[in-house]
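**Q** Okay, here's the structure, questions in a sec.
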Amino acid sequence: MKPDIVLLDINMLGMNGMAAAEEIRRVSPSTKIVFLTVHDGPGFKVGVRPWAHAFVAKSAAGTDLIPTLQRVAGTTANEMTIECPHCK
Numbered sequence: 135m136k137p138d139i140v141l142l143d144i145n146m147l148g149m150n151g152m153a154a155a156e157e158i159r160r161v162s163p164s165t166k167i168v169f170l171t172v173h174d175g176p177g178f179k180v181g182v183r184p185w186a187h188a189f190v191a192k193s194a195a196g197t198d199l200i201p202t203l204q205r206v207a208g209t210t211a212n213e214m215t216i217e218c219p220h221c222k
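My numbering puts the first residue of the sequence shown at 135, with every later residue one more than the last.
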């Protein structure tokens, strides 16, 4: 499977979100990843920036999730708001 967008939690059983994002990038480099997470600090975002096209805090998911997914879905590689070294 090579989805256009994956909504990914950081804290998962078995494989964490970072490892899952790395595997997704390996298998499908053009897939955009949006992290849904309780982690919202700037240090966290810097650490996962190579894998993420966007972040949505779980506390704001009710208002931010759909608009973020719509923005990412409409984003081309040249218009990405977060630079991703793995995306073309």
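Idealized CB from N, CA, C, for every residue including glycine. None of the values given here were measured: they were computed from a predicted structure.
Straight-line CA distance for M149 to F169?
**A** If you take the alpha carbons of M149 and F169, they lie about 14 Å apart.
**Q** In terms of residues, what are the limits of the beta strand (DSSP E) holding I167?
**A** Residues K166 to T171.
**Q** Out of curiosity, what's the CA-to-CA distance linking L199 and V190?
**A** C-alpha separation (whole angstroms): 6 Å.
**Q** Less than 8 Å between the C-beta atoms of L141 and G151, yes or no?
**A** For L141 and G151, no; Cβs fall outside 8 Å.
**Q** By how many angstroms is the C-alpha of T165 removed from the C-alpha of R159?
**A** Those two C-alpha atoms are separated by around 7 Å.
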